[in-house]
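Beneath this line is the structure, given in structure tokens, with notes to follow.
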Amino acid sequence: PTEAPKPTEAPKPTEAPTPTEVPPTPVPQLGTPENPLIMALAPSATTQELQTGGEAIAAKLSEMTGLTIKTVVPTNYAAMIEAMGAGQAHIGWLAPTQYVVAHGKGYADVALATIRNGSDHYGFQFVANAEAGFTSYYDVATGKSTADAATALAQFADKKPCWTDPLSSSGYVLPFGLLKSLNIKTKAGAWVQGHPTVIKSIYLSPKGEICDFGATFVDARANVAKDFPDVNDKVVIIWVSEPFIPNDNVSFASSVPADIREKLSKALLDLAATEEGLTLLKNGGYSIQGLKAVDDTFYDEYRVYLEASGIDPTTLFK
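Throughout the sequence shown, residue numbering follows the numbering used here, covering 9 to 326 in sequence.
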């Protein structure tokens with residue numbers, strides 16, 4: 009029998025040529041006009057003051073380093089930490105508790121600490137309206153308290169405080185921690201954002217209209233003296249702490265390369281060494297009178313205080 013013809017093999021389909029990979033669009037180098045460095049300022053003073061002052065500092069740093077730097081003032085301390093973690097802010101002027109949280113999350117590393125009144129540490133104060141009937145335990149001549157905290161602050165029981173921000177060391181975390189440790193229970197506080205705003209709120213509250221007392225850094229009254237020349241008569245200091253809080257700092261987001269960190273740190277230290285630079289820093293919203301190089305150990309003692317206050321700052325992070 010004749011053999012059945014072998015089936016012709018179906019021709020192999022020609023393989024589609026491998027598409028040439030489109031190279032990823034290169035990200036412009038950090039610090040160029042296409043990818044500027046973002047300098048974020050903690051909102052502890054008024055936004056306008058910080059924006060204007062920050063832009064002047066950024067312009068000078070750009071001139072000194074050749075890097076393009078833009079300024080932002082986030083709405084609150086937590087938003088600023090998130091921005092540093094997300095690469096939306098590269099240079100942060102961070103308050104102490106804010107820094108401790110940001111560093112703990114792996115978002116930021118400190119480079120410089122600010123200096124004010126010859127010191128790199130500061131204290132907090134409790135203030136009230138002069139007409140509110142509270143007793144002051146503060147000696148204007150020495151700048152010290154005349155009684156212990158338990159004696160001075162007992163009068164705030166069941167009164168309403170004005171706080172700045174949940175992550176503000178001197179405007180909430182430590183004053184609140186102190187009241188808590190002394191078992192002084194107050195009413196729920198009013199969050200007014202910023203130390204000058206606390207002072208203004210107290211100024212406008214002779215009868216507790218906004219709040220009965222407030223807490224700020226020492227001495228935040230100076231920040232509103234231009235608008236309220238009689239602020240020192242109307243807003244009195246009730247009690248001050250010892251200066252144990254590390255000053256605000258300049259930190260870099262973890263994503264910022266070492267060469268850019270070094271260049272900017274050097275430029276800021278050089279800036280602080282000139283009269284023109286000091287004027288820019290002083291008018292930047294934080295009343296800075298100098299800068300010094302520090303590392304994370306600068307905050308070790310403060311972490312001990314935070315722990316003792318019974319407040320875990322990460323729980324304040326909204």
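No residue lacks a Cβ here, since even glycine has one placed at the ideal position from N, Cα and C.
Figure out for me which residue from W171, H98 and A230 has the closest Cα to the Cα of V243. A230
For V35 and V80, I'd like the C-alpha separation in whole angstroms. 22 Å
Residues in the same chain with beta-carbon distance under 8 Å from D304, minus the five sequence neighbours each way, listed in chain order, please. H111, D117 and V118
If you draw a straight line from the alpha carbon of L69 to that of A138, how long is it in whole angstroms? 43 Å
Given a cut-off of 8 Å on the beta-carbon distance, is the pair T205 and D166 in contact? no
Are the CB atoms of V109 and P321 nearer to each other than 8 Å? yes
Between Q133 and V226, which are expected to be in contact by the criterion C-beta below 8 Å, what is the C-beta distance as a whole number of angstroms? 5 Å
Through-space distance from G131 to E250, alpha-carbon basis: 5 Å
Contact set for H129: own chain, Cβ-Cβ below 7 Å, skip 5 residues either direction: P251, F252, I253, P254 and N255
Taking just the CA atoms, how far does L289 sit from S295? 7 Å
Helix, strand or coil for Y313 per DSSP? helix
Rounded distance between the beta-carbons of S259 and Y107, thought under 8 Å: 6 Å
Just verifying my parser: in three-state terms, what is the DSSP assignment at F252? coil
Leaving out the 5 sequence neighbours to the left and right, which residues in its chain are closer than 8 Å to S273 when beta-carbon positions are compared? A119, L120, V258 and A301
Within the continuous beta strand (DSSP E) that includes N257, where are the two ends? N257 to A261
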